[in-house]
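Numbering (the UniProt record's numbering), first residue to last: 1 to 66.
Just so you know, even glycine gets a beta-carbon here, dropped at the ideal spot from N, CA and C.
Please read these numbers as outputs of a predicted model, since none were measured by experiment.
Below is one structure, written out as C-alpha cells, with a few remarks after it.
Here it is, written out as C-alpha cells:
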C-alpha cells in the first residue's frame with residue numbers, strides 16, 4: 001500500500017467544456033505525480049481526492065470518449 005501523496009501544491013485543471021453557469025460544478029484532475037492521477041470535486045476542493053493509477057485513468061477517459 002502506498003502512502004497518500006501531499007497534494008497541497010498540486011496544480012489542478014478542469015475540462016475546457018466546463019465553462020458557463022455551472023463552471024464550478026465539475027471534476028478537477030491533477031498531473032505530475034508518479035503513476036497516480038488525483039481527481040476531486042471542484043465544489044469541495046478541500047475534501048479528500050480520489051487517486052487512480054495512470055493506467056486506470058487512461059482507460060476511464062478512453063471509455064468515456066467512445
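For residue i, does the three-state DSSP call read helix, strand or coil?
i: residue 30; result: strand
i: residue 59; result: helix
Residue i lies in the beta strand (DSSP E); which residues open and close that run?
i: residue 14; result: 12 to 14
i: residue 7; result: That residue, residue 7, is in no beta strand (DSSP E); it is neither H nor E in DSSP.
Name, in chain order, the residues that DSSP records as bridge partners for residue i.
i: residue 41; result: 27
i: residue 52; result: 37
With C-beta atoms as the reference, is residue i less than 7 Å away from residue j?
i: residue 42; j: residue 28; result: yes
i: residue 5; j: residue 46; result: no
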